[in-house]
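Accompanying notes for the structure given below.
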Amino acid sequence: MTTDEVVGESSRGRRLGGHVVLGVLSLACVFPIYWLYATSLRAPQDVYSLSVLPWPLSTASYTEAFAKNDVLGMLFNTGVIAVLSALGQLLVALLAAYAFAAWRFPLQRLLYLMFVGTWLVPFQATMLPNYVLLSRLGLLETLAGVIVPTLCSALGVLLLREHLNSFPKELLDAARMDGRSSWSTLWTVVVPALRPALAALGILLAISAWNEYFWPAMVLQRSNAVVQLGLRSFMGTEGNDWGPLMATAGLACLPVFVLYLVLQRHIVNAFVRSGLK
Amino acid sequence: MVSGAFVEVAPPVRSREARAAGMPDTVPASPALWQRVRRIAPPYLYLLPAVVLLVVWTYQPLAQTFVLSTYSWNLVPSTPMVDVGLGNYERLLSTPELGRSVWRTVVVILGILPFTVGIPVAVALLTRRVRGRAQGVYRALVFAPMLVAPVAGAAVWQWLLDPSAGAVNRVLGTDVNWLNTAGTAQLSIIVITGWHVVGFAVLVVTAGLAGINPDYAAAAQVDGASRSQVTRWITLPLLSPTLAFLVLMTVLLSAQWTFPLIDTLTQGGPVGSTTNLYYLLWEYGFRSHDAGLAAAAGVLFFLGFIVVAALLTRLAERLSHHDD
Numbered sequence: 001m002t003t004d005e006v007v008g009e010s011s012r013g014r015r016l017g018g019h020v021v022l023g024v025l026s027l028a029c030v031f032p033i034y035w036l037y038a039t040s041l042r043a044p045q046d047v048y049s050l051s052v053l054p055w056p057l058s059t060a061s062y063t064e065a066f067a068k069n070d071v072l073g074m075l076f077n078t079g080v081i082a083v084l085s086a087l088g089q090l091l092v093a094l095l096a097a098y099a100f101a102a103w104r105f106p107l108q109r110l111l112y113l114m115f116v117g118t119w120l121v122p123f124q125a126t127m128l129p130n131y132v133l134l135s136r137l138g139l140l141e142t143l144a145g146v147i148v149p150t151l152c153s154a155l156g157v158l159l160l161r162e163h164l165n166s167f168p169k170e171l172l173d174a175a176r177m178d179g180r181s182s183w184s185t186l187w188t189v190v191v192p193a194l195r196p197a198l199a200a201l202g203i204l205l206a207i208s209a210w211n212e213y214f215w216p217a218m219v220l221q222r223s224n225a226v227v228q229l230g231l232r233s234f235m236g237t238e239g240n241d242w243g244p245l246m247a248t249a250g251l252a253c254l255p256v257f258v259l260y261l262v263l264q265r266h267i268v269n270a271f272v273r274s275g276l277k
Numbered sequence: 278m279v280s281g282a283f284v285e286v287a288p289p290v291r292s293r294e295a296r297a298a299g300m301p302d303t304v305p306a307s308p309a310l311w312q313r314v315r316r317i318a319p320p321y322l323y324l325l326p327a328v329v330l331l332v333v334w335t336y337q338p339l340a341q342t343f344v345l346s347t348y349s350w351n352l353v354p355s356t357p358m359v360d361v362g363l364g365n366y367e368r369l370l371s372t373p374e375l376g377r378s379v380w381r382t383v384v385v386i387l388g389i390l391p392f393t394v395g396i397p398v399a400v401a402l403l404t405r406r407v408r409g410r411a412q413g414v415y416r417a418l419v420f421a422p423m424l425v426a427p428v429a430g431a432a433v434w435q436w437l438l439d440p441s442a443g444a445v446n447r448v449l450g451t452d453v454n455w456l457n458t459a460g461t462a463q464l465s466i467i468v469i470t471g472w473h474v475v476g477f478a479v480l481v482v483t484a485g486l487a488g489i490n491p492d493y494a495a496a497a498q499v500d501g502a503s504r505s506q507v508t509r510w511i512t513l514p515l516l517s518p519t520l521a522f523l524v525l526m527t528v529l530l531s532a533q534w535t536f537p538l539i540d541t542l543t544q545g546g547p548v549g550s551t552t553n554l555y556y557l558l559w560e561y562g563f564r565s566h567d568a569g570l571a572a573a574a575g576v577l578f579f580l581g582f583i584v585v586a587a588l589l590t591r592l593a594e595r596l597s598h599h600d601d
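Heads up: the protein sequence lines correspond to chains F and D, in order. Each residue of the first sequence is one higher than the one before, counting from 1 in our numbering. Each residue of the second sequence is one higher than the one before, counting from 278 in our numbering.
Spelled out as structure tokens, the structure:
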């Protein structure tokens, strides 16, 4: 506010400039997404049209996409992976973060560094042994093989610990005085208070799991069980069948966008927070 | 099957607790010891699932990669592993592919940096005055590409960049085969990755700017500093931890970000022009089934990561002392 006063009348021009800059950037960001859905909704003979509005609208591309691939099955499998992986990561991270926040114990710092240290271990340095381990456990080409190795999210532990650190210790002490076990304190005191943070993190984890490509590609190999892989093989085999390809790609993004429309602010905040640490 | 795997994670805590709870009956001789165990055990029990998962899926495989890098093996369980000492490293370092892929990785990182640092800083500074509902709408729009699944993003860009029917060539009036020409393929990969992450970076910088105490700028302006001086000498230095974080993220993750695009759009081609280190590793391991070579490359990748991260963290620490 004070800077506004100092700058005086030029702030209006600057605000307009700001709108122009953001408007151009927004357009550049959204145009490919718009074009994806626009193409998918054109009638088959209009797919090559450059008109901005897809008119007349047609669902022929979607019908064809469903006929060529088991799109619903892929979406369902991907959904199962996203939900189970997010819930599992939330639970594991919640327990670990609770330990870090509610107790002081030997080796705490070392154990904490173990989580931070995962940032330094690139995926590509562990993928071969993980692949061998999965094949030994018989989990290759199963959805469980996609989910289990991702269940410990260091990001989740760090974020939840941060939330829990700002949680009033008196409440934990009061619960202990009441003779509650730490387990019941966790579920009756901590979790209700942490619900918004858990929801935001859960959505973030579910979206990441939904969009994950590398790990499923490795575990599921050439099968098309999840939508990202189905899309890949569609691109490979019917590369120029743009209408159905865009329809499949559109469906692959749709659940995330619907979630985004409903919970927009929370999702953006969760992502940005995860980036800021 | 899937849910079974999921439930598998929780029980260690409970079962250990239950076992611990049963212990007084089995070890009545030393109640004091039991009391102590009971007092110090809880945090470790809560950490157990996470730590077990970390060890099994991150640290133990990392150690195995070091071991594997000294063997020759083709990933088939029935074939024996042959100890070759440092042979894989010699082989790796003597292939010209490695040097080229490292160079391409550097090019990709440098190419993505404008999208994760340059553009976001400029945009965030220029748009500080835009507030309220309009800001919310812009946020929602620029962030959207981050949510597009990488393969779906690859699909739509393949369509936009199609040499004959794509919108880009028809609007520009050119007939460039963007994804199948050595120079433009790399450029396309960089731009598509940039498109994915630019909105996210803008929001991170905006949040970083919002966290800066406005009193500094106000005081400087009272002292007669111009707007550009305030930006150069106050805002940017205070923003530097955020910027260091974005640089670190770009360096560590760019190979990961580009992987789905390369795998679906160019497969490392044409003539290897988009094969970066990450993709090379993938090819060694899963195309040539040369586990030893891939592991050796993975070890070098890991060591490179550590060096880069240490340098950038030190830099960030030095810079962040501004706001004392």
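By construction, the Cβ of each residue, glycine as well, lies at the ideal position given by its N, Cα and C atoms.
* For residue 372 of chain D, collect the residues of the same chain with a Cβ closer than 8 angstroms to its Cβ; drop the 5 residues on either side in sequence, then sort them by chain order. => Answer for residue 372 of chain D: no residue qualifies.
* Asked: Where residue 531 of chain D and residue 179 of chain F are concerned, what is the direct C-alpha to C-alpha distance, given to the nearest angstrom?
  -> Straight-line Cα distance between these residues: approximately 50 angstroms.
* **CA-to-CA distance, residue 510 of chain D to residue 582 of chain D, given in whole angstroms** => Put simply, the backbone Cα of residue 582 of chain D is about 31 angstroms away from that of residue 510 of chain D.
* Tell me whether residue 404 of chain D is buried or exposed, calling it buried when 16 or more other Cβ atoms sit within 10 Å of its Cβ. => The residue in question, residue 404 of chain D, is buried, as its Cβ has 16 or more Cβ neighbours within 10 Å.
* Please classify residue 349 of chain D: does DSSP put it in a helix, a strand, or coil? => Strand.
* To do: Between the Cα of residue 203 of chain F and those of F:242, F:256, F:174, spot the shortest distance and give me the residue it belongs to.
  => Closest by alpha carbon: F:256.
* To do: Using three-state DSSP, classify residue 104 of chain F as helix, strand or coil.
  => Coil.
* To do: Could you check what DSSP says for residue 298 of chain D in three-state terms: helix, strand or coil?
  => Since pLDDT at residue 298 of chain D reaches only 45, below the 50 mark, its modelled position is unreliable, and the value read off the structure follows with that caveat. Of the three classes helix, strand and coil, the one that applies to residue 298 of chain D here is helix, per DSSP.
* **Buried or exposed by the 16-neighbour rule on C-beta atoms within 10 Å, applied to residue 77 of chain F** => Residue 77 of chain F comes out buried.
* To do: Give the single residue among D:342, D:356, D:369, D:317 whose Cα lies nearest to the Cα of residue 554 of chain D.
  => With respect to the C-alpha of residue 554 of chain D, the residue from D:342, D:356, D:369, D:317 having the closest C-alpha is D:369.
* Asked: Measuring CB to CB, does residue 552 of chain D end up less than 9 angstroms from residue 374 of chain D?
  -> Closer than 9 angstroms, so yes.
* Which runs of the alpha helix (DSSP H), 4 residues or longer, sit entirely within the segment 132-202 of chain F? -> Those alpha helix (DSSP H) runs which fall completely within the segment 132-202 of chain F and span 4+ residues are 143-147, 154-165, 169-177, 182-185.
* Find the residues of chain F that neighbour residue 418 of chain D, judging by a C-beta separation of less than 7 angstroms, and give them in chain order. => At a beta-carbon threshold of 7 angstroms, the residues of chain F lying near residue 418 of chain D are 26, 29, 30, ordered along the chain.
* **Contact list for the segment 43-63 of chain F against chain D, Cβ threshold 9 angstroms** => From the segment 43-63 of chain F, only 47, 48, 50 have a Cβ closer than 9 angstroms to chain D.
* To do: State whether the segment 384-393 of chain D contacts the segment 571-578 of chain D, with contact taken as three or more CB pairs (one from each stretch) at a distance under 8 angstroms.
  => Verdict: no, contact absent.
* To do: Could you pull out every residue in the same chain whose Cβ sits closer than 8 angstroms to the Cβ of residue 508 of chain D, ignoring the five residues on either side in sequence?
  => Non-local C-beta neighbours of residue 508 of chain D in its own chain, meaning closer than 8 angstroms and more than five positions away in sequence, comprise 402, ordered along the chain.
* Asked: Would the segment 114-124 of chain F and the segment 181-188 of chain F be scored as touching if the rule is three or more Cβ pairs under 8 angstroms?
  -> Contact fails: fewer than three Cβ-Cβ distances are below 8 angstroms.
* To do: State the CB to CB distance for the pair residue 335 of chain D and residue 121 of chain F, rounded to an integer number of angstroms; the pair is presumed to be in contact (CB under 8 angstroms).
  => Taking C-beta atoms under 8 angstroms as the contact rule, residue 335 of chain D and residue 121 of chain F qualify, at a distance of about 6 angstroms.
* Span separating the alpha-carbon of residue 357 of chain D from that of residue 350 of chain D -> Using only the alpha carbons, I get a separation of about 7 angstroms.
* To do: Check distances from the C-beta atoms of the segment 398-411 of chain D to those of chain F and list, in chain order, the residues that come in under 9 angstroms.
  => Near chain F, meaning a CB-to-CB distance below 9 angstroms, the residues of the segment 398-411 of chain D are 399, 400, 403, 404, 405, 406, 407, 408, 411.
* Asked: Is residue 403 of chain D helix, strand or coil when you go by DSSP?
  -> Looking at residue 403 of chain D - three-state DSSP - the assignment turns out to be helix.
* **8 angstroms CB neighbourhood of residue 260 of chain F in its chain, flanking five on each side removed** => Once the five neighbours on either side are set aside, the close Cβ partners of residue 260 of chain F are 267.
* Asked: Quick one: is residue 223 of chain F near chain D, going by C-beta distance under 9 angstroms?
  -> Interface with chain D (9 angstroms Cβ-Cβ cutoff): residue 223 of chain F is excluded.
* Per DSSP, what kind of secondary structure is residue 604 of chain D in: helix, strand or coil? -> As shown, chain D starts at 278 and ends at 601. That puts residue 604 of chain D outside it, with no answer to give.
* By Cβ distance below 7 angstroms, which residues in the same chain neighbour residue 345 of chain D in space, the five residues on each side in sequence not counted? -> Non-local beta-carbon contacts of residue 345 of chain D in its own chain, meaning distances under 7 angstroms to residues more than five positions away in sequence, involve 568, 569, 572 in chain order.
* Taking 9 angstroms as the CB-CB limit, is residue 395 of chain D close to chain F? -> Nearest CB-CB separation between residue 395 of chain D and chain F: not below the 9 angstroms threshold.
* Short-range partners of chain D found in the segment 98-117 of chain F, where Cβ spacing is below 9 angstroms -> The residues in question are 98, 99, 100, 102, 103, 104, 105, 106, 107, 108, 111, 114, 115, 117.
* Are any of the Cβ atoms in chain F nearer than 9 angstroms to that of residue 357 of chain D? -> Interface flag for residue 357 of chain D against chain F is unset, since no Cβ pair is found closer than 9 angstroms.
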